[in-house]
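Shown next, in structure tokens, is the structure this report addresses.
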Amino acid sequence: MCCTRPTAAIGNSTRSRNDPRVGAAQPTRLSGRTRLFAGMMGGDMARSQALLFIGLLWVFAAAPVCAEGAGSALHSVPVTEEPLHVVRHRGDHFIVYTNWIEPGVWTLYHQHRNDLLAVIPADTSAASQEPGSDPRERAAPAGTLVFFPYADSDEPFVHRVGGRGNAPFINIGLEFRDSMAVSCSDTPPGWQDARVEAATANRRGHGYRLHLDSGAQVALPQRGRGLLIVPLGAALLQLGDESWRATIGDFRFYEGGFPGRLGNSGSAAVTLVVFSAC
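Sequential numbering from 8 applies to the sequence shown in our numbering.
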């Protein structure tokens, strides 16, 4: 179903699909030959290499971590029907879903057709497996942003994702429902503040890392049609008129009607990922 704009989505990756706080809420990677656009919350090349692979990690369902043999008959589902992709927002232009994949668990094979932005809020390790191929495992640090231009392909990208390591794979996915005609790759970033670091830019928008000391406030960007805010850890925040006690995996997404300011009401500094979508 669609939401009436402006609309905001409350997200927490730990909540079930039927949690009443989710409200009217629900987003997708390409094959090896498809180029990946990645941005990260950091700076050095070594970490950037680690981030590029995260494109392989996108939807999940409960199954033991073991590779299927090549040539097996496979059934895949649309990403929004995959049980471990929990839809939090479904609007006119965007879908937001979250993943929380425990180590040793695989998603179902699923299909990505639309451009997708993945935001990783905590250090993670996961594996991705395409049909007929061996699983590929990668690690990524908290604050990783990866853009997957799935809309470039006439065929859906199909894979499954498995949790690795000692911590769950947590992801917030922003899927772009509009056609390729909607693009802002040539638009310069519109958020200028000393506490803001430009993290990534692609044809769907601009991503930033924001550092806020205790008691600090910042004016949020007002351009575009969507605004995604993801804290990289627990935080007590003031978002417009809302007091928000965030935990890992939480997010806020606005499709129109953006809040004007974001403040840190907690006793410690906080880092957030902010994506301003075209």
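C-beta atoms are modelled at their ideal positions from N, C-alpha and C, and glycine is treated no differently.
**Message:** Using 8 Å for Cβ pairs, my map puts F265 next to Q229. What's the rounded Cβ distance?
**Reply:** By one-based count along the sequence shown, residue 265 stands at place 258. By one-based count along the sequence shown, residue 229 stands at place 222. With a Cβ gap of about 6 Å, F265 and Q229 count as contacting.
On the criterion of 16 or more Cβ atoms from any shown chain inside 10 Å, does L115 qualify as buried, or is it exposed? Sequence index remark: in the sequence shown, residue 115 carries index 108 (1-based). Looking at its Cβ environment, which holds 16 or more other Cβ atoms inside 10 Å, L115 is buried.
Check your understanding: Taking C-alpha atoms, which residue in H119, T151, G169 and D141 lies nearest to D161?
Key -> Taking the first residue of the sequence shown as position 1, residue 161 is located at position 154. D161 has its Cα closest to that of H119, out of H119, T151, G169 and D141.
message: Give me the DSSP bridge partner(s) of H119.
response: Here residue 119 refers to the residue found at position 112 when the sequence shown is read from its first residue. DSSP output for H119 lists F164 as bridge partner(s).
- Taking 8 Å as the cut-off, decide whether the C-beta atoms of N271 and G214 are in contact. Against the sequence shown, residue 271 aligns to sequence position 264. Against the sequence shown, residue 214 aligns to sequence position 207. No. Outside cutoff.
So the beta strand (DSSP E) E262 belongs to, where does it begin and stop?
One-based indexing of the sequence shown puts residue 262 at position 255. Counting along the chain, the beta strand (DSSP E) containing E262 begins and ends at D257 to E262.
Looking at the structure shown, is L269 part of a helix, part of a strand, or coil, going by DSSP? Here residue 269 refers to the residue found at position 262 when the sequence shown is read from its first residue. If DSSP states are grouped into helix, strand and coil, L269 belongs with the strands.
Point to revise | Environment of G267 [buried if 16+ CB atoms lie within 10 Å] | key: Looking up residue 267 in the sequence shown gives position 260. It is exposed - the Cβ of G267 has fewer than 16 other Cβ atoms within 10 Å.
E182 (DSSP reduced to helix, strand or coil) = Translated into positions along the sequence shown, residue 182 becomes position 175. Strand, per DSSP.
### Message
Quick check: what's the CA-CA separation for H100 versus N121?
### Response
The sequence position of residue 100 within the sequence shown is 93, counting from 1. The sequence position of residue 121 within the sequence shown is 114, counting from 1. Computed Cα separation, rounded: 11 Å.
- Query: Is E137 helix, strand or coil when you go by DSSP?
  - Reply: Mapped onto the sequence shown, residue 137 falls at position 130. E137: coil per DSSP, three-state reduction.
Quick check on the burial criterion: 16 or more other C-beta atoms within 10 angstroms. Buried or exposed for R259?
As a position in the sequence shown, residue 259 is number 252, starting the count at 1. With 16 or more Cβ atoms within 10 Å of its Cβ, R259 is classed as buried.
**Message:** Which same chain residues end up closer than 7 Å to H218 when comparing Cβ atoms and leaving out the 5 residues on each side of it in sequence?
**Reply:** Start at 1 with the first residue of the sequence shown, and residue 218 comes out as number 211. The answer, listed in chain order, is R202, A276 and T278.
Problem set entry | Residues that Y157 bridges to, as DSSP identifies them | Reading the sequence shown from its first residue, position 150 is the one you call residue 157. Its beta-bridge partners do not exist; DSSP assigns none.
Point to revise | Extent of the continuous beta strand (DSSP E) to which T105 belongs | key: Residue mapping note: residue 105 aligns to position 98 of the sequence shown, counting from 1. Its beta strand (DSSP E) spans residues F101 to I108.
- request: Give the DSSP-derived three-state secondary structure of T254 in the structure shown.
  value: Mapped onto the sequence shown, residue 254 falls at position 247. Of the three classes helix, strand and coil, the one that applies to T254 here is coil, per DSSP.
### Query
Nearest CA to the CA of A147: which residue from R171, D220 and A253?
Start at 1 with the first residue of the sequence shown, and residue 147 comes out as number 140. Among R171, D220 and A253, the Cα nearest to that of A147 belongs to R171.
Using 10 angstroms around the beta-carbon of T151, count the other beta-carbons present and answer buried if the total reaches 16, otherwise exposed.
Working through the sequence shown from its first residue, we reach residue 151 at position 144. So T151 ends up on the buried side.
- Task: Measure the Cβ-Cβ separation of R216 and V280 and say whether it is below 8 Å.
- Result: Taking the first residue of the sequence shown as 1, we reach residue 216 at position 209. Taking the first residue of the sequence shown as 1, we reach residue 280 at position 273. Cβ distance < 8 Å, so R216 and V280 count as in contact.
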